[in-house]
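Here's the structure, in structure tokens; my notes come after.
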Amino acid sequence: MVKTVHSENIASRSFWNDYSYLCKELGCFEQNVNNIKHEYLKLFRSENKLLPFTWILIRIDGSHFHRFSKVHGFEKPNDEQALKLMNASAVAVLEEFNDIDLRMELMMNTALF
């Protein structure tokens, strides 16, 4: 079984309290998570470094896009202002990171128009 969890900080007490079933599965933290010393949690922190000469795949997904669309009054299905915003965002990312090799994958039965 695979469980995907998004968290900004897995070394926080709130993370382990929210996902206590992970503690049981991993066989750690028999005691209350609130009693764990901060120094012990620091052991789980690591720097975010990428290995040289490796491919990195990034999937950008919207979060709360329905609410965002409603707040900004986007028209369905494709609001021109929203499309311009997404295109400008993509251009900004490509300009910021010069080494990006842009790829796109389409299914065999995709109809282009």
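Quick note: the sequence shown uses the numbering used here, first residue 145, plus one each step.
Glycine residues also receive a C-beta, built at the ideal position from the N, C-alpha and C atoms.
| Asked | Found |
| --- | --- |
| CA nearest to the CA of R199, picked from G217, A234, S158, R247 | Note that residue 199 is Trp in the sequence shown here, rather than Arg. Ranking the options by Cα distance to W199, first place goes to R247. |
| Residue range of the unbroken alpha helix (DSSP H) whose run includes K228 | 224–240 |
| Cα-Cα separation between S158 and R189, rounded to whole angstroms | 15 Å |
| Pairwise C-alpha distance: N253 and K228 | 27 Å |
| Length of the line joining the Cα atoms of K181 and K193 | 26 Å |
| Contact under 8 Å by Cβ, I244 with L250 | no |
| DSSP three-state assignment for R247, whether helix, strand or coil | coil |
| Which of helix, strand or coil DSSP assigns to K214 | helix |
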